[in-house]
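First the structure, in the form of structure tokens, and then the observations on it.
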Amino acid sequence: MYSITFNNNLKMRDKMRKWREENSRNSEQIVEVGEELISEYASKLGDDIWIIYEQVMIAALDYGRDDLALFCLQELRRQFPGSHRVKRLTGMRFEAMERYDDAIQLYDRILQEDPTNTAARKRKIAIRKAQGKNVEAIRELNEYLEQFVGDQEAWHELAELYINEHDYAKAAFCLEELMMTNPYNHLYCQQYAEVKYTQGGLENLELSRKYFAQALKLNNRNMRALFGLYMTQSILINLPKVEHKLLKD
């Protein structure tokens with residue numbers, strides 16, 4: 001009986017670890033496995049219990065299980081009173097409850113104590129996006145990138161926001177920054193090509209064709225890049241010679 005219990009414990013721990021390492025967002029499964037692991041084997045998990053509480057709490061918020069999220073949060077608060085990481089989790093619960101002002105106030109307090117806390121800054125930006133305040137999110141992301149210029153995730157998020165606001169020139173700049181540090185990322189090449197295609201004009205269309213081709217070279221299964229290359233080439237070959245000259249001039 002002990003052997004069966006021990007094996008179940010190990011299997012569930014391995015599943016939870018695998019999902020963490022893969023950054024999986026399969027919240028329903030994490031809640032199902034994590035809740036059983038916590039209720040049946042908490043005393044046998046050692047220090048792993050704290051990262052599991054955090055993992056289950058985030059999944060529970062995503063899955064709409066506030067009761068479970070609150071339980072995990074209370075356990076973490078008892079173990080780590082005053083922890084910025086736990087305070088951030090409290091803010092995430094406020095977000096899930098749409099108590100955005102409370103969440104922002106909490107993140108501001110964290111940043112007053114630790115101005116370099118990137119997680120709190122990113123949560124504030126996520127709130128602006130959830131509220132549909134893209135202009136404010138863009139402003140805060142730009143301020144963030146002035147201090148953390150190497151954050152590639154932030155550059156990509158800023159590019160997406162600019163695309164949503166139809167500011168394609170600035171979106172292209174963000175994607176150029178990403179391609180400089182990730183020259184072999186086919187998705188960045190593809191997205192840059194799409195932005196240039198949307199901007200239009202001969203020069204942009206030629207750049208679009210070039211980067212759709214590069215995306216395909218990096219990943220020959222990228223069907224979106226293949227279709228983009230076909231569309232761009234179709235436009236370019238059908239442009240009259242006079243229009244080619246005028247567009248270049």
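Counting with the UniProt record's numbering, you get residues 1 to 249 for the letters of the sequence shown. For each residue, glycine too, the CB sits at the ideal point set by N, CA and C.
- CA-CA distance, M179 to F71, rounds to 43 Å.
- In this structure, the straight-line span from the alpha carbon of L218 to that of T181 is close to 15 Å.
- Excluding five sequence positions before and after D151, the CB atoms of its chain that fall closer than 8 Å to its own CB belong to T118, Y144 and L145, given in chain order.
- The Cβ neighbour count for A59, taken over all protein chains shown within 10 Å, is at least 16; the residue is labelled buried.
- Boundaries of the alpha helix (DSSP H) harbouring Y100: Y100 to E113, taken from the DSSP string.
- Measuring C-alpha to C-alpha distances from E98 to each of A126, Q29 and Q112 identifies A126 as the nearest.
- Between G91 and L68, the gap from beta carbon to beta carbon reaches 7 Å or more.
- In its chain, beyond the 5 residues on either side, M57, L89, T90 and R93 have a beta carbon closer than 7 Å to the beta carbon of L73.
- Between the C-alpha atoms of R13 and L61 there is a straight-line separation of about 20 Å.
- Between Y168 and Q147, the C-beta spacing is not below 7 Å.
- Taken in chain order, the whole alpha helix (DSSP H) runs of length 4 or more contained in the segment 15 to 67 are 27 to 41 and 48 to 63.
- The beta carbons of K210 and N204 sit about 11 Å from each other, so the pair does not count as a contact at 8 Å.
- Annotation: T116 to R139 spans about 18 Å, alpha carbon to alpha carbon.
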